[in-house]
Structure formats: structure tokens, C-alpha cells
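Input: a single structure, listed below in C-alpha cells.
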Amino acid sequence: MAETKQSGNRSVVFQLLEQHCARTGYRLHVGDSHGHAGLVESPDGRRWFFKGTHFDLNTLGASEIADDKAYAAHFLEESGIAVPASRLVFSSELGNRNHPPANVLDFAETGGFPLFVKPNVGQEGADVIRVGTYPGLTQTLHMLAKRHAQLLVQEEIRGRELRVIVLDGEVLCAVERHPPHVTGDGKLTLAELIAAQDRVDPSDGRIECELARQTMSLESVPEPGTRVRLLPVANLSSGGSASIVIAEDLAPETASIASRAARTLGLRYAGVDLILPDIASPGVDAVVLEVNAAPGLGNLYRQGLAEAELVKGIYQKVFAAMFAE
């Protein structure tokens, strides 16, 4: 999972790793001209490999389980951690059906809409779609089945979305993630407002679906000050934004759930994505959406000076843990 490059430069994590090696006397070997992969060698010959944001901290098996949303949810739920209700769909099961499998139809009927359909294996919010009708569910399953072997149909959990970074049981930071949006001025259409900003891809087909859910279209002219959500996800890589959650505002119970989620999946280092109604209210159980074994922090780093300093501090601790004697 490579972090986004900026202006042709090497990734943020590579630049920080390069600086760390320069300070400590370790040697950095690059595997390609972009610095997407490589290894770090200590003066006594020990080696640690990395690829993108995957480091020699998590075991391969734990990382593979975390990357598989259905398996991860199974083991989290088995350990008493709340996860969204979901159904796994194998793309090979769909064939030319004009309706989803019976267990998915039963799931939709019992839980109701809206539902999320997403790749069972995937990152950065790619191909995550919110559906609100049975025809929409069928159409979305068939569309995504062309690109993914397994899909997850998942209930919508409404609330505030957090990403909590955990290292060896310690919460290093928490950020609240906000979906991409535009703000109306009473003059420009949504198409014009979207074209005027560079964080969201205007060709993303999910935008029209999300606008339709809000009874709007690209030709709509929102009232001045009206915030219009553009995508069903809050990933920074999809144009979302993040605000740092200070330690005093993160309920101990929420921090504990994030640490437990990482530990349950055997991960030393993880980004735990949570939904909760109010991050300042003790006693509110968080729901774990997914656990990322290689959380990318490049987009957060580029958001501002405070965020950049936060990311630098996180990677300093990650590198120290990876190269520990």
C-alpha cells in the first residue's frame, strides 16, 4: 500500500525513514527509484525490510487476517469487540442472477437500508459504495464483482469516525475523519463547486450516487453555507479531512477498545477505524469498522503543520520499535 507521492518526490514515510537512518547511522537500501520498498541495515548487519507502509513489526499472518475484513470481523467479534453486522459474498456466486443470494436478501430485509457494499480486501475507501434500495444493491454487487473476488455487504453505523493509531498497546494518536464535502454559495452548481477543488476526483461515479441520496444532482445549486457530502467514505486518500483528537477528549474505553482490537488480531502496529456516537462520552461502546496493519499517514502529514509534527512523532516511535535491540 504505497503512500501518495507528492510532486514526484518519494513518499513521506520514506523521507522520514531516510532522516532516521541518517541520525542513527543505519544504512538505507532502496528497492526502486521511488523509495516504495527497501531495507534498513544496522552497523552490525541486521536487516529490516519495508514496502510502502508495511514494516517488519507485524507478522505476515496477522497482517493477512487484518487485510481480510470478514476474517478480521470474525475474530474481533469472537473476542467481544463490537463490529458491524455483515454478509460475505463471493463474486462467483452472483453469476447472471438478477438478485443477490438469499442470505444477502434476508440480511437486507432484516436490517434495512442503507447498506454498504465494499471489497472484502482493499484499502483507502476504494470501491466502497452506499446503497439504499434492492435494485441498487443488485447493481452494485454485479459491478464490483467484476473487479473483486469477494465483497462485503455491511450495515451502516452512524456516528463519528475515528482512526486510532496503536503501537504495542499504546495509543499514539487519534484523529476524527470527515467525509469530503463542498459548501454552497447560492450561485454555483455542485459540478462547479467540485471542479473548483482538487481533493476529490470529479469523475468518481460515487459522487452522483451520494448526491442522489441527498436528493441532489450535479446541477443542483446549494444554498449559501450548506455543506454537501460528496462520498460515502471519510478516507483522506479519497478527499476527506481529519482533525486531531486530544487525549483528554478520547474516552479511556475507546482507547482500550482500539488497543484490544490490535492485540486481538496479533498486531503490534495498527490503525483501528472506529465509529462512536460521541467521543467525549465515557461508557459509549465504539464499533470497530476495520483494522489496518499498515496505516498510511502521508495524507495526514500534508494536511498542516500540527498534523506533520504528529506524524513525525508517530514514525519516530515506530522506527524505534522496529529497530529495537
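Quick note on my numbering: the sequence shown kicks off at 45 and runs consecutively. The C-beta atom is built at its ideal place from N, Cα and C for all residues, glycine as well. Note that the structure is predicted; figures quoted are calculated from it, not measured.
Exposure of residue 337, with buried meaning 16 or more beta-carbon neighbours within 10 Å: Answer is buried; the Cβ neighbour count reaches 16.
If we count the other Cβ atoms within 10 Å of its Cβ and call it buried at 16 or more, is residue 194 buried or exposed? With at least 16 other beta carbons inside 10 angstroms of its own, residue 194 counts as buried.
From 247, 266, 198, residue whose alpha carbon lies closest to that of residue 229: The candidate whose alpha carbon is nearest that of residue 229 is 266.
For residue 222, does the three-state DSSP call read helix, strand or coil? Strand.
Pick from 140, 197, 103: whose alpha carbon is nearest that of residue 163? Closest option to residue 163, Cα to Cα, is 197.
Using CA coordinates, which residue listed in 342, 242, 271, 212 is at the minimum distance from residue 365? Comparing alpha carbon positions, the residue from 342, 242, 271, 212 closest to residue 365 is 212.
Contained alpha helix (DSSP H) runs [length at least 4] in the region 63-138, N- to C-terminal order: As summarised for the region 63-138, the continuous alpha helix (DSSP H) elements at least 4 residues long and confined to that stretch are 104-111, 113-122, 135-138, given in chain order.
For the region 342-353 and the region 52-66, state whether three or more C-beta atom pairs, one from each stretch, are separated by less than 8 Å. The region 342-353 vs the region 52-66: in contact.
Which word fits residue 107, buried or exposed, when buried means at least 16 other C-beta atoms lie within 10 angstroms of its C-beta? So residue 107 counts as buried.
Rounded to whole angstroms, how far is the Cβ of residue 278 from the Cβ of residue 221, which I believe are closer than 8 Å? That pair is a contact at about 4 Å.
Hey, which unbroken runs of the beta strand (DSSP E) at 3 residues or more fall wholly within the region 261-310? Fully enclosed beta strand (DSSP E) runs of 3 or longer: 271-273, 285-288.
Residues near residue 71 in its chain [Cβ-Cβ closer than 6 Å; skip 5 each side]: Within the same chain, and ignoring the five residues on either side of residue 71 in sequence, the residues whose Cβ sits closer than 6 Å to its Cβ are 85.
Do residue 209 and residue 358 have their CB atoms nearer than 7 Å? Yes. Within cutoff.
Which stretch, first to last residue, makes up the alpha helix (DSSP H) that contains residue 341? Element bounds for residue 341: n/a, residue is neither H nor E.
Residues in the same chain with beta-carbon distance under 8 Å from residue 261, minus the five sequence neighbours each way, listed in chain order, please. When the five nearest sequence neighbours on each side are left out, the beta carbons in the same chain lying within less than 8 Å of the beta carbon of residue 261 are those of 234, 252, 255, in order along the chain.
Does the separation of the CB atoms of residue 275 and residue 282 fall below 7 Å? A contact, by the Cβ cut-off of 7 Å.
Which runs of the alpha helix (DSSP H), 4 residues or longer, sit entirely within the region 154-236? Here the runs fully enclosed are 178-189.
Distance check for residue 236 and residue 304, CA to CA, integer angstroms please. Distance from the CA atom of residue 304 to the CA atom of residue 236, rounded to whole angstroms, is 45 Å.
Can you look up residue 244 in the DSSP assignment and give me helix, strand or coil? Residue 244 falls in the coil class under three-state DSSP.
DSSP bridge partner residues for residue 314 (one or two, in chain order): Bridge partners of residue 314: 210.
In angstroms, rounded to a whole number, what distance separates the CA positions of residue 330 and residue 89? Going by C-alpha positions, residue 330 is about 44 Å away from residue 89.
Alpha carbon to alpha carbon, how far is residue 180 from residue 160? Give it in angstroms, no decimals. Rounded to the nearest angstrom, the two C-alpha atoms are 11 Å apart.
Quick check on DSSP: helix, strand or coil for residue 146? The answer is helix: DSSP assigns residue 146 an H, G or I state.
Euclidean distance between Cα positions of residue 45 and residue 207: Low per-residue confidence applies at residue 45: pLDDT is 39, beneath 50, and the placement is therefore not dependable, though the value from the model is reported in the following sentence. Approximately 17 Å, taken between the alpha carbons.
Sequence-distant residues of its chain with Cβ nearer than 7 Å to residue 148 (five each side left out): Same-chain partners within the cutoff: 131, 133, 197.
With distances taken from CA atoms, which of 124, 82, 187 is nearest residue 138? Minimum Cα-Cα distance from residue 138 among the listed residues 124, 82, 187 corresponds to 187.
Sequence-distant residues of its chain with Cβ nearer than 8 Å to residue 273 (five each side left out): Closer than 8 Å at Cβ, skipping near neighbours: 223, 224, 225, 254, 258.
Would residue 317 pass as a contact of residue 294 if the rule is Cβ separation under 7 Å? No, they are not a contact pair.
Alpha helix (DSSP H) segment containing residue 352, residue limits: Per DSSP, the unbroken alpha helix (DSSP H) holding residue 352 starts and ends at 349-366.
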